[in-house]
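Protein chains in written order, with the working numbering: chain Z, 1 to 548; chain B, 1 to 446. Even for Gly, the Cβ is constructed at its ideal location relative to N, Cα and C.
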Amino acid sequence: MTDNSQLPGTVEPRSAQRVAERALQWSRVGRAVGEEVDLPAPEIIALNRMGFGPRPGDLEALSALGSDSTARLQAYVDQQLNPESIDDSTCDALLAAQAFVTLGKSRQQLWQEHVVKEGVTWEERMQPVAETLRATFLRAIYSKRQLVEVLADFWHNHFNVYGWDSWSAGTWVHYDRDVVRGNLLGNFRQMLGAVAQSAAMLYYLDNVSNTSAGPNENYARELFELHTLGAENYLGVASIVGPDGQYLHPAPKDANGHPLLYIDEDIYAATQCFTGWRINTESGDFQFVDSVHAKYSKIVLAQATPSGAGVQDGEFVLDLLAAHPGTARYLCRKLCRRLIADDPPEAIVEAAAAVFYSQREAPDQLKQVVRTILLSPEFRATWGEKIKRPLEYTCSLLRASGANFAWSDSFRYRYDALGQAFYSWRPPDGYPDRKEEWSSTMPMLQRWRFCNWLMDGWRVGGEGADKDTLRIDCRSQLPAHITSAAAIVDFWAQRLLGRSLPAAERGALIEFMAGGRNPENSLPASQIDERLRFLVGLFFMAPSFQWR
Amino acid sequence: MFKPSRRGFLVGCSAAIATWASGLSFTAFGSAGTEPNQEILVVVFLRGGVDGLNIVLPIAGEDRAHYEARRPRLAVPLTGANAALPLDARLGLHPGATALYGLYQEQKLAIVHAAGLTSDTRSHFDAMQFMELGTPDSKSSTTGWLTRHLRSASNLPASLIVPALAVGNLQPSSLLGNRQSIGMTTPNDFNFGGHWEFGDWQRVALRKMYDGSSWLHQAALQTMDALDVVERANPGTYAPGNGAVYPNGSFGRSLQTVAQVIRMQLGLQVATLDLGGWDTHEYQGDGGTGYLSDKLKELGQGIEALLLDLSNDNGTDHTRRLTVVVMSEFGRSFQENASRGTDHGHGNIMLVAGGAVNGGRVHGEWPGLATDQLYDRRDLAITTDYRRVLSEILIRRLGNPQLGAVFPGYRSYTPLGVVQGTDLNPDYTEATPAPSQRIYLPAVQN
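This is the structure we're talking about:
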């Protein structure tokens, strides 16, 4: 008998080859080198990768959690993994003040009032997604439950749905609150099932029109390729007919004889399994329509469904995929990519995948997986191999500067230009998560433009239309006794980054602030008034503020 | 208090750029006729897998019968207001593609059918990677095919300012590893947007802060270089030539950006842009109407406008050195699905437009549509490797025979005759070319 809790060995030949190829590929890409980026304290890594960067006071609070970095990190991880234990009253009050009307609605209410209601207006359709967007931004900036926000962003991208279509927009509160957030520290199989039966996904990947007579493979294909096994476990187009004419899955098998890779035939069979998975257009609930379901037996990954199993056919496929070792590795590699580095060391991927696999029945499977990753030596040993994406960039900037933030259309316009507009990625693979994708000219330039817009006079003082909503008051945060260019730069380095700057950055910033004066002498107050916000803007444009 | 002696863009840039920038003209290389980059390749990628079988479709014979049987609702009719536009005796064009039809009749458009990526995959993401990296079945390359073209071509001038342009927010895989390509949505948004007094000082500081060798430092420096160049060259408002009208939407804007950069004469060699929305699993339009028809209008009108615009830049016809190739990751299933759409398939069309194409013809061997002629008994087969078409453009138009470098593993190239030009013996040496030592954008010199 095989031990069912041990993660089966890595697959040969194809996925292993792909993993190796990938490792090789990225090892050839230029790395950040020692003198330009050095490893920060684990506390700083934690605040930047388990959350959207430190707010003033966060580093001190984290430091008070233990006597050394290991103890602090452990305490912080446990705190963040138990979000209900964290007092989040400030953020809750801010959210309450927004007077959102859709965030508390049930799945059925959302459907009936924002999707199918007679004469529903475009604004009403969009209201659930628009309110979710605003709430998500506020939480990313103000919530103390930062890890939840990072993971919500991860899972929204993993189970990507374009949020601004008729069906998804009106039900988005359900998708965000119940499907994504409701499961992100829970069990993957449960989340997968909730996704599969959500209106957002059923319409986005066309499964609502998948019938026995006219199969639509869109959902089934992305279920394999993006949601569970991943392309790294795809063998391609291949036959299931063996030399003697019997069924023979061509992929290598595990000890139980289960194929470790999938082929197109698996997708076609799975497509049949999901026929009839729909939404009840009156209630908005999931509905299984037996009359369009393929009733005969189907073989997926060499396992046959009993004929006439109805809705259980689809559940069977989800069971199979959620419990597959390839899913464990693919998911954990993605999580490590988000939480550690673009190309995470295989050791931590394997360690996390082992937990994912052995705990696949546990109600807190994902919490255990995330804990494994965050408390790994790899987590605290890696830096500068990721660039903040626009969401992390923007939120970390607003957090670090103690900005008074509220949503506005002009903010949204500026944010969207950075290239990561919320719930707006149309293909099903979610926003890319590699530095190459975010460090070409346009994304780089848009960061600088964003800083320049933010540090414009209207948002740091003055009487602009958004004076009560978006303000970064740099001047009042600078202690009165700090007056030389060098001291001002050193103060803001600690204040924004929690550590000192590399020499090249420090020198350039001091030169900017000094404006030709002696950097060690007190600057005239007028010069500090004039230049300080542009200096802070430069901090946000600096290399040190881009790494993750 | 002192100020930078010139605008920020001159700080830290190379002598070549400074010389160029101090000139009176916005033209980098004198007149268009003497600009060194005689040939420009524009690659339009149709993301999502375009349904080539409903764009160029059988209008006669047995295949017409197969087509009508497999696509009872989607089939483009032979008569009536939405009748197929005849291309030759066998094949017709979707009625939404009237602009493309006009180009075809003027012999500015060539069509290749049953072309594509021969890898056994129906995954969007794998197929796009394989195609754009130029390495079917492998995603391990750190460079895209266009990057390797730019590195291996021996006929490029010693100094180019903007050799490669990726229109849009993100860089495509075809330009992976190319540090000289710049990305932009439009030149008008391509500026620093800094404060009138301190913006230049900030740029001085940025140059110094990013004076380093990491991927991030290099990316930022390149961005600053591109900013310097484009800000300087951008004429501000843009008036398309010949009264060309680009279609509304981001595709039309992207094409106009390509035209604008070509007319800035910064030495552009290759440009990439995308048109998405082809993953038509549902309601793609029955009988030659609907969604696909609208998409084809956008595609056709865009290419038509680009050619029209560039055919008269104050008397210069840029289209004679312009080749536009349109490709997609795969075609779609021959059988329509129950949602009046089509699923992921295999063989597909490629379109090649420009001033030096053998237009007005459908190239390539037609494999037939009987079930046993189909790939996997399901999709249009591939008789022309997409690399063959691109190789012909590389050799005949761009004058680069280094096929081994650009498409490692690809052998036995013969021209299909899609474009005009001189044949060169292909060189299959696979040595991956190192990043070029040519001067592209200026290196930072402190």
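Rounded to whole angstroms, what's the CA-CA distance from residue i to residue j? Just pull it up for me.
i: E430(B); j: V167(B); result: 29 Å
i: N188(B); j: Y76(Z); result: 46 Å
i: G345(B); j: R378(B); result: 8 Å
i: Q109(Z); j: Y357(Z); result: 37 Å
i: Y428(B); j: G399(B); result: 15 Å
i: D490(Z); j: R506(Z); result: 8 Å
i: D285(Z); j: S339(B); result: 21 Å
i: L216(B); j: V300(Z); result: 45 Å
i: T441(Z); j: S254(B); result: 16 Å
i: Y219(Z); j: D206(Z); result: 7 Å
i: S544(Z); j: Y210(B); result: 10 Å
i: P426(B); j: T319(B); result: 26 Å
i: N48(Z); j: W277(Z); result: 40 Å
i: R338(Z); j: G288(B); result: 45 Å
i: T147(B); j: V180(Z); result: 39 Å
i: Q197(Z); j: C273(Z); result: 14 Å
i: D88(B); j: E365(B); result: 14 Å
i: K104(Z); j: G163(Z); result: The sequence shown places Gly at residue 104(Z), rather than the Lys named in the question. Between G104(Z) and G163(Z), the C-alpha separation is close to 18 Å.
What three-state label does DSSP hand residue i in the structure shown?
i: G341(B); result: coil
i: F159(Z); result: coil
i: W215(B); result: helix
i: R31(Z); result: Unreliable positioning characterises R31(Z) in this predicted model, as indicated by a pLDDT of 40, which lies under 50. The coordinate reading is nonetheless provided below. DSSP places R31(Z) in coil when its eight states are reduced to three.
i: M131(B); result: helix
i: H195(B); result: coil
i: I267(Z); result: helix
i: P8(Z); result: coil
i: L538(Z); result: helix
i: L24(Z); result: Interpretation of L24(Z) is limited by its pLDDT of 41, a score under 50 that renders its predicted location unreliable; the figure taken from the coordinates is listed afterwards. In this structure, L24(Z) counts as helix in the three-state DSSP scheme.
i: L248(Z); result: coil
i: D274(B); result: strand
i: R263(B); result: helix
i: V419(B); result: strand
Do the CB positions of residue i and residue j come within less than 8 Å of each other?
i: R550(Z); j: I267(Z); result: Residue 550(Z) falls outside the range modelled here, since chain Z spans only 1 to 548, and no answer is possible.
i: D63(B); j: L369(B); result: yes
i: A140(Z); j: F100(Z); result: no
i: A341(Z); j: T372(Z); result: no
i: Q301(B); j: P247(B); result: yes
i: P95(B); j: L85(B); result: yes
i: L310(B); j: A259(B); result: yes
i: L109(B); j: G331(B); result: no
i: F137(Z); j: M201(Z); result: no
i: G230(Z); j: G314(Z); result: no
i: L175(B); j: T272(B); result: yes
i: A493(Z); j: M513(Z); result: no
i: F184(Z); j: V148(Z); result: It should be noted that the sequence gives Leu, not Phe, for residue 184(Z). Result yes, Cβ atoms of L184(Z) and V148(Z) sit closer than 8 Å.
i: T275(Z); j: S212(Z); result: yes
i: Q420(Z); j: R389(Z); result: yes
i: S357(B); j: I111(B); result: Here residue 357(B) is Val; the residue named in the question, Ser, does not match the sequence. Cβ atoms of V357(B) and I111(B): not closer than 8 Å.
i: G182(Z); j: P128(Z); result: no
Across which residues does DSSP place residue i in a beta bridge pair?
i: G314(Z); result: DSSP, once it has assigned bridges, lists no residue as partnering G314(Z).
i: G354(B); result: T323(B)
i: T384(B); result: A115(B)
i: N348(B); result: A115(B)
i: D313(B); result: T316(B)
i: N404(Z); result: R471(Z)
i: I40(B); result: L322(B)
i: Y375(B); result: D379(B)
i: K253(Z); result: P259(Z)
Could you name the residues of the segment 509-529 of chain Z whose beta carbon sits closer than 8 Å to any beta carbon of chain B, in the order they occur along the chain? Per Cβ criterion, the list reads L509, E511, F512, G515, G516.
With 8 Å as the limit, tell me which residues of the segment 298-321 of chain B have their beta carbon closer than that to any beta carbon of chain Z; keep them in chain order. Those residues of the segment 298-321 of chain B that come within reach of chain Z (Cβ to Cβ, closer than 8 Å) do not exist; the list is empty.
Using a Cβ-Cβ cut-off of less than 8 Å, list which residues of the segment 207-224 of chain Z approach chain B; keep chain order. Flagged, chain order: S209, N210, T211, A213, G214, P215, N216, E217, N218, R221.
Residues in the segment 146-180 of chain B with C-beta within 9 Å of chain Z's C-beta atoms, listed in sequence order? Taken in chain order, the members of the segment 146-180 of chain B whose beta-carbon sits within less than 9 Å of a beta-carbon on chain Z are A166, G168, N169, L170, Q171, L175, L176, G177.
Could you run through the segment 259-282 of chain B and flag, in chain order, every residue whose CB is less than 9 Å away from some CB of chain Z? So the close ones are G276, G277, D279, H281, E282.
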